[in-house]
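Take the sequence shown: its position 123, counting from 1, is numbered 116 in the numbering used here, and each next residue is one higher. The structure appears below as structure tokens.
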Amino acid sequence: MHLFCFGFGFTARALAARVLERGWRVSGTVRDAADSAGSPAGVDLMIFDGETPIADTGARLAGVTHLLCSIPPDAAGDPVLRCHAGDLAAMAGDLDWAGYLSTTGVYGDHGGGLVDETTPPAPSAARSRARAAAEAGWQALYDADRFPLHIFRLAGIYGPGRNALRQLRAGRARRVVKPGHVFSRIHVADAARVLDASMARPAPGAIYNVCDDEAAPPQDVIAFAAALLGVDPPPEIAIEEAGLSPMAASFYNDSKRVNNTRIKRDLGVDLHYPSYREGLRALLADEAGQ
């Protein structure tokens, strides 16, 4: 089996680690050579900047059985589709599985209400509208060419090196409060388990929400992480007084609880980290054992 990853980032690396243990071949793309630092041994990485198509694409993609795209859209749209839509369509019949990593941001704001995969996308932020458009582009490949597409709408991803514990230790953690605001999260290891489970049970055309069981206010996560570290949490700051950048403020525009029943029912996934509490405890324990 051969997994090719357009974008070898946080989640793709976690998935690659799983399939490498089973003897799979793994290859993929990074934006520049620096992005390949720390990649698992045996992974064949090449440069793809989103503007220039990969050279010798046919040879690079020959024998690929599973394909994952985690590259976000840019101002001009989806860079993979822009450069390689024809190549993807040509290989549709040879692929066992393809996955596109999207975001729960495509649902927009629901005032803390529950959304599931049947909820129509209504993105409010520009980057979420771009994601919804990219989803539609990948969906068109499935509709026209029977490309074996699976769309994964991921919540906020955290894990080793990217979590509230690190933010507190670096002095970057803030407890910005917007009453009633909640959002969902997923530990990167559980996200990789969902992708792996989907590869074992292909269902082309399927859409999956990838999140844990508990949407929570961001200030609660920081407070819990501080308690684990035995330090005082930073003071709460009303969002109106936080002086957030437009990008940071946009994360507080949408409030919703995301239903994850489908990954459990259809893929048989039993989350290792059903909330941020289990996830942060495990991350702290892993750090202590290093």
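By construction, the Cβ of each residue, glycine as well, lies at the ideal position given by its N, Cα and C atoms.
Please say whether Gly105 and Lys249 have beta carbons closer to each other than 8 Å?
-> Gly105 is positioned such that its CB atom lies closer than 8 Å to that of Lys249.
If you compare alpha carbons, which of Pro227, Ile179, Ala137, Arg194 is closest to Gln160?
-> Selected option, being the one with the closest Cα: Pro227.
Span separating the alpha-carbon of Asp80 from that of Arg274 = Distance between the alpha carbons of Asp80 and Arg274: 44 Å.
Among Asp279, Tyr245, Asp259, Thr254, the one whose alpha carbon lies nearest that of Ser117 | Of the candidates Asp279, Tyr245, Asp259, Thr254, the one whose C-alpha sits nearest the C-alpha of Ser117 is Tyr245.
In terms of residue numbering, what span does the alpha helix (DSSP H) encompassing Phe3 cover?
-> That run of the alpha helix (DSSP H) goes 3 to 13.
Using a threshold of 8 Å, state whether the C-beta atoms of Gly21 and Ala5 are closer than that.
-> Yes, the pair counts as a contact, with Cβ atoms nearer than the cut-off.
Same chain, Cβ closer than 6 Å to Arg18, neighbours up to 5 away in sequence not counted = These residues qualify, in order along the chain: His(-5).
Alpha carbon to alpha carbon, how far is Ala126 from Ser32? Give it in angstroms, no decimals.
-> For Ser32 and Ala126, the distance between alpha carbons rounds to 30 Å.
Under 8 Å by Cβ, that's how I've got Asp71 and Gly130 pegged, so tell me the actual separation to the nearest angstrom.
-> The pair is a contact, with the Cβ atoms about 5 Å apart (cut-off 8 Å).
Ends of the alpha helix (DSSP H) at Cys(-2)?
-> Premise fails: Cys(-2) lies in the beta strand (DSSP E), -5 to -1, not in any alpha helix (DSSP H).
How about Val214 and Thr97: do their beta carbons lie closer than 8 Å?
-> Against a cut-off of 8 Å, the Cβ pair of Thr97 and Val214 comes out as no contact.
With C-beta atoms as the reference, is Asp279 less than 8 Å away from Pro153?
-> Pairing Asp279 with Pro153 gives a Cβ-Cβ distance under 8 Å.
Span of the beta strand (DSSP E) around Ile230 = DSSP places Ile230 in the uninterrupted beta strand (DSSP E) bounded by 229 to 231.
Where does Ser191 land, buried or exposed, given buried means 16+ other C-beta within 10 angstroms?
-> Counting every other CB atom within 10 Å of its CB across the protein chains shown gives Ser191 a total of 16 or more, marking it as buried.
How long is the line joining the alpha carbons of Tyr151 and Leu54, rounded to whole angstroms?
-> About 30 Å.
Whole-number beta carbon distance between Ala196 and Asp259, since they are thought to touch under 8 Å | Yes, Asp259 and Ala196 are in contact; Cβ-Cβ is about 7 Å, under 8 Å.
Measuring alpha carbon to alpha carbon, tell me which of Gly35, Ala34, Asp49 ends up nearest Phe41.
-> Looking at the Cα atoms, Asp49 is the closest of the given residues.
Going by alpha carbons, who is nearest to Met39 out of Ala26, Thr45, Ile144?
-> Closest by alpha carbon: Ala26.
DSSP-derived helix/strand/coil call for Val181 | Correct three-state label for Val181: helix.
For Leu221, the first and last residue of its enclosing beta strand (DSSP E) | Leu221 -> not in any beta strand (DSSP E); alpha helix (DSSP H) instead, spanning 211 to 222.
Rounded C-alpha distance that separates Phe(-3) from Arg178 | Going by C-alpha positions, Phe(-3) is about 26 Å away from Arg178.
Beta strand (DSSP E) containing Trp90: first to last residue?
-> Its beta strand (DSSP E) spans residues 90 to 96.
Pick from Arg139, Leu61, Glu44, Ser268: whose alpha carbon is nearest that of Ala148?
-> Among Arg139, Leu61, Glu44, Ser268, the Cα nearest to that of Ala148 is on Ser268.
Using only alpha-carbon positions, find the residue among Asp138, Asp206, Ala115 that is nearest to Val262.
-> Checked all of Asp138, Asp206, Ala115; the closest Cα to Val262 is Asp206.
Quick one: what does DSSP say Tyr266 is sitting in, helix, strand or coil?
-> Correct three-state label for Tyr266: coil.
Which same chain residues, not among the five before or five after Arg24, have their C-beta less than 8 Å away from its C-beta?
-> Its chain contains Ile40, Phe41, Asp42, Gly43 as the residues whose beta carbon lies nearer than 8 Å to that of Arg24, once the 5 sequence neighbours on both sides are disregarded; these appear in chain order.
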